[in-house]
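Numbering (the working numbering), first residue to last: 56 to 464.
Have a look at the structure below before the remarks.
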Ligand SMILES: *Cc1c(COP(=O)(O)O)cnc(C)c1O
């Protein structure tokens, strides 16, 4: 069945490259980080790629990120894992602002854009013979990994902070993972996964500790460019945790430009965090190359509660090279932003997505975003998996009913 959907096509991977030192290593073998301990990036023969596929070829294919498969590392079609991915919509919110589009990633399998990265990581793990995988997660990555891993017959171990939304943990368990809630934050979970003290021998799928998740996230940039007619917006606001989405999109734009599919214009990349966990914003303000561990991280936007990111320098480089900036918003503004977009434009964002709108309001107020700028906000996750304000009104139908009071409330 896969064969008919995904015929074996050539891939164009040449090697893996250390994102810090440029040192090369072979592709087609299991890899974690480089010798320097930094993320590895997949490199392609972009000239050959440009010769092998056209925009029209891509346009003729079904929606979803596998339509960009020549841009991706999976060699054999039988290893492509698919759960019905779709092209995610760019939703205008005209009552909030003109020239504003929200890329809504919440309709991907398991409800978040983590499906992009983990479909690639798990497909490559399958291709390279992995039978067990482990991941530290704030919820969405664990669910996405488990869904694709279960499909592939790979066993999942998912370590998450014990205050991860309950629905994420239950979903992930039902999808087949061994879920381990930990009394700490995602970086504490990351240590437990990396140490694997009893030598269970799982493959570590943590953010940027294997080279393929970022290739999946890259498809957000490919898809955005294609949706906008191979043009890019003026500004992208991205809810930044580990930063793979931002780094991945920046990589996508570079690859498309090298292939001649887009021109020189680039969006300002804006890394958005919550005030209670803003290591990238602080590093950007300090002009630092790396971010320091953020103490006592807390925010309602669970998906971006990431106190330390191995790809910090890649996020900061992309933000700076793009002429962008980094902004934080506090939780009360995040909640207000979520309520405003929902009630005015009918678009329910998750708290991480709402953080980008809270940040946009600051950028508009201080003039960094102008009236005519085309802005794209990323809503990366599932709004319905988070606790929402309760409905605190009830009607006793056996008493006289005061319709005027209902209308006024
Ligand atoms: C993981 C996650 C993010 C942050 O993504 P990174 O690319 O790792 O920074 C943002 N929003 C949601 C809903 C997430 O699950």
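Cβ coordinates follow ideal geometry from the N, Cα and C atoms, glycine included.
Just so it is clear, the structure is predicted and the values come from calculations on it, not from any experiment.
- In the structure shown, the three-state DSSP call for residue 203 is helix.
- Pairing residue 163 with residue 431 gives a Cβ-Cβ distance that is not under 8 Å.
- In the structure shown, residue 159 falls within a strand segment according to DSSP collapsed to helix, strand and coil.
- Inter-segment contact for the segment 377-391 and the segment 134-150 is absent: fewer than three beta-carbon pairs are separated by less than 8 Å.
- Taking 7 Å as the cut-off, one finds at least one heavy atom of ligand 1 near enough to the beta carbon of residue 299.
- Annotation: the continuous alpha helix (DSSP H) that includes residue 282 extends over 268-282.
- The Cβ atoms of residue 360 and residue 240 sit closer than 8 Å to each other.
- Taking the Cβ atoms as the reference, residue 71 lies roughly 6 Å from residue 97, within the contact range of under 8 Å.
- For residue 334, the enclosing alpha helix (DSSP H) starts and ends at 334-341.
- Residue 116 counts as exposed, since fewer than 16 other C-beta atoms from the protein chains shown sit within 10 angstroms of its C-beta.
- In this structure, residue 195 has its CB closer than 7 Å to one or more heavy atoms of ligand 1.
- Note on geometry: alpha-carbon atoms of residue 124 and residue 66 lie some 8 Å from one another.
- In this structure, the alpha-carbon of residue 419 lies about 42 Å from that of residue 179.
- Residue 321 places its beta carbon less than 8 Å from that of residue 287.
- Within the same chain, and ignoring the five residues on either side of residue 242 in sequence, the residues whose Cβ sits closer than 8 Å to its Cβ are 191, 348, 361, 362 and 363.
- With a cutoff of 8 Å on beta-carbon distance, residue 379 and residue 408 are scored as not near each other.
- With contacts defined by Cβ atoms closer than 8 Å, residue 212 and residue 198 do not form a contacting pair.
- A distance below 8 Å separates the beta carbons of residue 368 and residue 344.
- Your pair residue 89 and residue 76 checks out as a contact, with CB atoms roughly 7 Å apart and the cut at 8 Å.
- For residue 273, the closest alpha carbon among the candidates 168, 136, 355 and 92 is that of 168.
- Linking residue 226 to residue 404 through their CA atoms gives a straight-line distance of about 20 Å.
- Note that the segment 266-285 touches the segment 295-306; at least 3 beta-carbon pairs, one per stretch, sit closer than 8 Å.
- Between the beta-carbon of residue 346 and that of residue 335 there is about 5 Å, and that keeps the pair under the 8 Å contact cut.
- Beta-bridge analysis with DSSP links residue 72 to 79 and 96.
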